[in-house]
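Only one structure is covered here, and it is reproduced in the block below.
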Amino acid sequence: MNKLIRYLIVFVLLCFIQVFLLNSIQINGYINPFLYVMFILVLPFEISRLWLLIVGFLLGFTIDMFCGTPGMHTSATVFIAFLRPYILRYFSPRDGYTTNTLPTISYYGFKWFFYYSLILVSAHHMFLFIVEAFRLSDILAVLARASMSISFTMLLIVLSQYLFYKSKVN
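Take the sequence shown: its letters are residues 5 to 174, numbered as in my numbering.
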């Protein structure tokens, strides 16, 4: 039960930071950091696919409710929740993941976490901005906006990993 409460607190905290702080950060409409996706990234390896999709739906729906973007964040977050097991399988160590560990920098190192999170953050942002634009004529603007937002989001995610996840590696 202790872990469930901790995840609930992190869920609420990330949603709060996203809605009340990060959504007000926009530089010419090109940099939109979405730190809330980190919640999907750091969920335990053992979470079932069904629960992962449900959590992705709830997370995206919560952000959509506060942002007035019906279904955009929900669809993008469910998309990365769907992709996550496949990405984890691709980056799996030869002996598999150690039980009772999390997909964080403190357990698997900077390089592993960076590539794992970069793929999922990129998928989220590209999906979200393509759905938002919803026309092929804006593809260059979507690519520019996504690349800058991905960079800023990755910076925030890596910084938060070092600030809030204590080193577990011996």
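The C-beta atom is built at its ideal place from N, Cα and C for all residues, glycine as well. A quick note: this is a predicted structure, and the numbers were derived from the prediction, not measured.
(request) Return yes when the Cβ of alanine 150 is within less than 7 Å of the Cβ of phenylalanine 133, no when it is not. (result) Position 129 of the sequence shown, counting from 1, holds the residue named residue 133. Position 146 of the sequence shown, counting from 1, holds the residue named residue 150. Taking 7 Å as the Cβ cut-off, phenylalanine 133 and alanine 150 qualify as a contacting pair.
Quick one: using the 10 Å Cβ neighbour count with 16 as the cut-off for buried, is glycine 33 buried or exposed? For the purposes of this step, residue 33 is identified with residue 29 of the sequence shown, where counting begins at 1. It is exposed - the Cβ of glycine 33 has fewer than 16 other Cβ atoms within 10 Å.
Using alpha carbons as the reference points, say which of Arg98, Ile58, Thr103 lies closest to serine 79.
-> One-based indexing of the sequence shown puts residue 79 at position 75. The shortest C-alpha separation from serine 79 is found at Ile58.
* Asked: What span of residues does the alpha helix (DSSP H) with arginine 53 cover, start to end?
  -> Here residue 53 refers to the residue found at position 49 of the sequence shown. Arginine 53 -> alpha helix (DSSP H) spans 53 to 71.
Fill in: As assigned by DSSP and simplified to three states, the class of isoleucine 84
Stepping through the sequence shown from its first residue, residue 84 is reached at position 80. Correct three-state label for isoleucine 84: helix.
Practice item. Give me the Cβ distance between leucine 92 and valine 46, rounded to the nearest whole Å; I'm assuming they're in contact under 8 Å. Key: Looking up residue 92 in the sequence shown gives position 88. Looking up residue 46 in the sequence shown gives position 42. 12 Å between Cβ atoms; not a contact.
query: Applying the criterion that 16 or more other CB atoms from any shown protein chain within 10 Å of the CB defines a buried residue, is tyrosine 119 buried or exposed?
result: Taking the sequence shown and counting its residues from 1, the one referred to as residue 119 is at position 115. Classification of tyrosine 119: exposed, given that the 10 Å Cβ count is below 16.
- Task: Following the continuous alpha helix (DSSP H) through leucine 132, name the residue where it begins and the one where it ends.
- Result: Looking up residue 132 in the sequence shown gives position 128. From DSSP, the alpha helix (DSSP H) with leucine 132 extends over 109 to 137.
request  = State yes or no: is the C-beta of tyrosine 169 nearer than 6 Å to some heavy atom of the ligand ATP?
outcome  = Annotation note on the ligand ATP: not contained in the displayed structure, which lists no ligands.
Q: Return the residue from the list Phe168, Pro37, Leu167, Val16 that minimises the CA-CA distance to methionine 158.
A: In the sequence shown, residue 158 corresponds to position 154, counting from 1. The shortest Cα separation from methionine 158 among Phe168, Pro37, Leu167, Val16 belongs to Pro37.
Evaluate the contact criterion for the segment 120 to 128 versus the segment 64 to 71: three or more CB pairs, one atom per stretch, below 8 Å.
no
Let me check understanding here. Comparing Cα to Cα, which of Asn27, Leu87, Leu25, Ser110 lies closest to valine 162?
Residue numbering aside, residue 162 sits at position 158 when the sequence shown is read from its first letter. Among Asn27, Leu87, Leu25, Ser110, the Cα nearest to that of valine 162 belongs to Ser110.
Next item on the list: For isoleucine 29, name the three-state secondary structure that DSSP assigns.
Entry: In the sequence shown, counting from the first residue as 1, residue 29 sits at position 25. DSSP places isoleucine 29 in coil when its eight states are reduced to three.
- For the putative contact between isoleucine 44 and leucine 63, defined by C-beta atoms under 8 Å, what is the C-beta separation to the nearest angstrom? Against the sequence shown, residue 44 aligns to sequence position 40. Against the sequence shown, residue 63 aligns to sequence position 59. Yes, they are in contact, since the Cβ atoms of isoleucine 44 and leucine 63 sit about 7 Å apart, within 8 Å.
key: Pick from Phe83, Pro74, Gln22 that is closest to leucine 56, judged by C-alpha positions   = Position 52 of the sequence shown holds residue 56. Residue Phe83 is the option with its Cα nearest to leucine 56.
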